[in-house]
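Report on the structure given below.
In UniProt numbering, the protein residues as written are 1 to 160.
In structure tokens form, the structure reads like this:
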């Protein structure tokens, strides 16, 4: 898609293979990569995926396409291989990957530099295993000490 201006026949053949919904979208909002640059600066088309501010009243107007419809258009474009021709949207693949890297999955602690909290037994498992390993290494010395003190000669009888 980097060399769009060089071969208009490729663009026409590509347009014939596009899904009708994508074709209507690109007819209404042509991509900046396809529209020829004019000698005089033309006003850029507003992004249909973002809200617009009215110049006179200053009020904001909702996007032309809802988030659900944006996701559908992006999926179609990704399937057809023309996603980079779409205007910027939060539903785009690169935006989603960026958000996934920052926030991780919806599980707390799966983002960059975060740790999953887990249960207390899971969090303290390493320390307990290390303590147990150290106790096993010290066991021969403990047995020797026990024998020297005479505690291993039998049990006292319990009073009745």
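The beta-carbon is built from N, C-alpha and C at its ideal position, and this holds for glycine as well.
Computed from a predicted structure; not experimentally measured.
- For residue 149, DSSP records no beta bridge to any residue.
- With distances taken between CA atoms, residue 29 lies nearest to 88 out of 88, 143, 109, 135.
- In the structure shown, residue 19 adopts coil according to DSSP, grouped into three states.
- Nearest in C-alpha terms to residue 67, of all of 91, 100, 136, is 91.
- The beta carbons of residue 22 and residue 70 sit no closer together than 8 Å.
- Looking from the CA of residue 18, the closest CA among 60, 74, 105 belongs to 74.
- If the five residues before and after residue 104 are omitted, its C-beta is found closer than 8 Å to the C-beta atoms of 110, 111, 112, 114, all from its own chain and listed in chain order.
- Annotated three-state conformation of residue 24 is helix, per DSSP.
- Residue 61 has 52 as its beta-bridge partners, per DSSP.
- The residues 112, in chain order, have a CB closer than 7 Å to that of residue 101 in the same chain once the five nearest residues on each side in sequence are set aside.
- Around the beta carbon of residue 137, fewer than 16 other beta carbons sit within 10 angstroms, so the residue counts as exposed.
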